[in-house]
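The structure under discussion appears below in the form of structure tokens.
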Amino acid sequence: MRHADEVKRALVQAADAGRFAPSIHNTQPWRWVVRDGALELYGVAERQLHEQDPSGRMLLLSCGTALHHARVALDAEGWSHEVEYSADEPLAVVRPVRQVPVRPEATRHFQMLQVRRTDRRTVTDERLPADTLRHLVKITEEAGGRLHVLGRDQVIALAVAVDRAQHAESADGRLVAETAAWVGGERAEGTGIPASALPEEVPLTTVAERDFGTKGTLAAGDGHDRAATYAVLYGDGDSPEDWLRAGEALSALWLAATEQAVNLLPLSGPVEIAYTRRTLRRMLGDVGFPYLAMRLGTLDPAHSAPPRTPRLPAGQIIDIVPG
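Numbers in the working numbering are just positions in the sequence shown, counted from 1, shifted up by 782.
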């Protein structure tokens, strides 16, 4: 009985750690069930962006980040574990196997999970060292994904794709209304992006940030993106399970970037639109499927971290089945 209680406690803590994961528009489209010594992950259709993400691509990517966060928490508690993936619900089932010595990197990863932020401010003029980029590429590959760092010409192509995606989404009234429901204001309900996490105005950069159509309260800074690095997270497949696993790779990459003091800003717009997604695939030489574009760079160390975006309470997303 004592072992079962220890497993249950570890699983509840892992699910709670998943609450800190990044998600599209901070929708947190996941739910956890602790049952029979395992942790089950489910997608939540009520928190899916049905206009922006009708296929559930971004929902599953988001669920993948939560899954990886939960696994990081188990590692930090010294629990080796197995993961069973499914094309149906539950999306994944995590089963602790045995307790093992805690590795120092597991502790660091859990610490990064707690301090990670999505920071939309401009980056500095300091370029990322080549060794840092190689490390991030390696971490992504170890987590099951791939990271393609864009060359100068490809950055221009990305800028065009981002602009076209923004125009397409801005012209869709239902999509604009959906975005407005999730972005801006105080977000007292525990989801969405509050004004405090948005720049006062969209910075003028080569690759534009998403224009949410609402003003924030965060000073954007006077930097540019000339020294930024742009990259595309991609993989061999384009199925729902591939999108979920891509989320795990994104989480691993983001935590590694946080540890290296590298700011990661996701650019999901060009992946959400079919024809701009094809543009990204051409950047990959048609040998992989794009899951997410991103900006990597360094932030002004004088700037304090932006406030954490709200999170749903644990009781709303974690169910514990007696037994």
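Cβ atoms here follow ideal geometry from the backbone N, Cα and C, with glycine treated the same way.
Item: Closest Cα partner of Leu1037 within the set Asp901, Asp913, Arg890, Lys997; Value: Arg890
Item: Close Cβ partners of Pro1095 (< 7 Å) along its chain, the five nearest in sequence each way excluded; Value: Gly972
Item: Three or more C-beta pairs below 8 Å linking the stretch 1049-1062 and the stretch 872-879; Value: no
Item: Extent of the continuous beta strand (DSSP E) to which Arg877 belongs; Value: 874-881
Item: Neighbourhood of Pro872 by C-beta, 6 Å cutoff - its chain only, sequence neighbours within 5 removed; Value: Glu822, Leu823, Tyr824
Item: Proximity below 8 Å, CB of Pro1022 to CB of Arg902; Value: no
Item: At least three beta-carbon pairs within less than 8 Å, the stretch 953-961 to the stretch 1003-1011; Value: no
Item: Cβ contact check for the stretch 962-969 and the stretch 897-916: 3 or more pairs under 8 Å; Value: no
Item: Bridge-paired residues (DSSP) for Arg817; Value: Ala820
Item: Other residues of its chain near Val931: CB distance less than 8 Å, five sequence neighbours each side excluded; Value: Leu915, Val919, Thr1011, Tyr1012, Ala1013
Item: Straight-line gap, Gly800 to Tyr1016 (C-alpha atoms, nearest Å); Value: 23 Å
Item: Cut-off 6 Å between Cβ atoms - residues of its own chain near Asp857, not counting five sequence neighbours on either side; Value: Ala888
Item: Whole-number beta carbon distance between Gly927 and Ala1031, since they are thought to touch under 8 Å; Value: 3 Å
Item: Beta bridge counterpart(s) of Leu1049 as assigned by DSSP; Value: Ala1075
Item: Pick from Gly998, Val984, Glu983 that is closest to Pro976, judged by C-alpha positions; Value: Gly998
Item: Cβ pair count under 8 Å reaching 3, the stretch 1035-1050 against the stretch 1077-1084; Value: yes
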